[in-house]
Each structure stands twice: as structure tokens, then as C-alpha cells.
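Step one of this worksheet: look at the structure below.
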Amino acid sequence: MGELYFSMNVSNDVTLCISPLTDERASAAGLESDTTGYFLYERSQSGEVNDVSVLAQIHSEEAAFRLSRMLGMD
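Taken in order, the sequence shown gives residues 0 to 73; the numbers are from numbering that gives the first Met the number 0.
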């Protein structure tokens, strides 16, 4: 699987992202099971690893690409 990364600012301090998660970021977000694939998540601009809120898991690169287009993340 490739390493796609999409993002867009949704407010002054929150960014909406689609990308794989590092083990550290997945653990900080409370994910302890399957962390493969891509994730739709909000990230705080503070830059802290634990400032991530996972909204959905995306199981294929094609689905990640299509969702990014639907959300206007080009």
C-alpha cells in the first residue's frame, strides 16, 4: 500500500487528514487493534502526538483517494 496523505484545515487549530497512522500516533489515539490501511482523523495544530481524534478507518488506497476527493482535499 502506498503512502497517500491528504489534509485540509477545518478551523484555525484543527486539520482533517487522511493517511496511515504511525504506531505511536495510533496508540495515542486509543487504537490497539488493526491499524493497517488509512484513517480519517482530526489533528490539533498543537503538534502533540496525542492530539488526534480518529473518525474512520479506510481499508483501501482507492477508498482513501475517493474520500479525499469527496471532501475536497485535492
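C-beta atoms are modelled at their ideal positions from N, C-alpha and C, and glycine is treated no differently.
Would you call the CB atoms of residue i and residue j closer than 8 Å?
i          : j          : result
residue 18 : residue 4  : yes
residue 10 : residue 72 : no
residue 66 : residue 39 : yes
residue 54 : residue 34 : no
residue 56 : residue 12 : no
Can you name, in chain order, every residue of its own chain whose Cβ lies under 8 Å from the Cβ of residue i, other than the five neighbours on each side?
i          : result
residue 62 : 37
What residue does the beta strand (DSSP E) around residue i start on, and which one ends it?
i          : result
residue 41 : 37 to 43
residue 66 : Looking at the DSSP string, residue 66 is not in any beta strand (DSSP E); the run it does join, the alpha helix (DSSP H), is 60 to 69.
Give every residue of the same chain whose Cβ lies closer than 7 Å to the Cβ of residue i, excluding the five residues on either side of it in the sequence, and list them in chain order.
i          : result
residue 8  : 14
residue 58 : 36
residue 2  : 19
Identify every residue that forms a DSSP beta bridge with residue i.
i          : result
residue 25 : DSSP, once it has assigned bridges, lists no residue as partnering residue 25.
Once the 5 residues before and after residue i are set aside, which same chain residues still bring their CB inside 6 Å of it?
i          : result
residue 42 : 14, 16 and 51
residue 68 : none
residue 28 : 51 and 53
Does the Cβ of residue i have 16 or more other Cβ atoms within 10 Å, making it buried, or fewer, making it exposed?
i          : result
residue 32 : exposed
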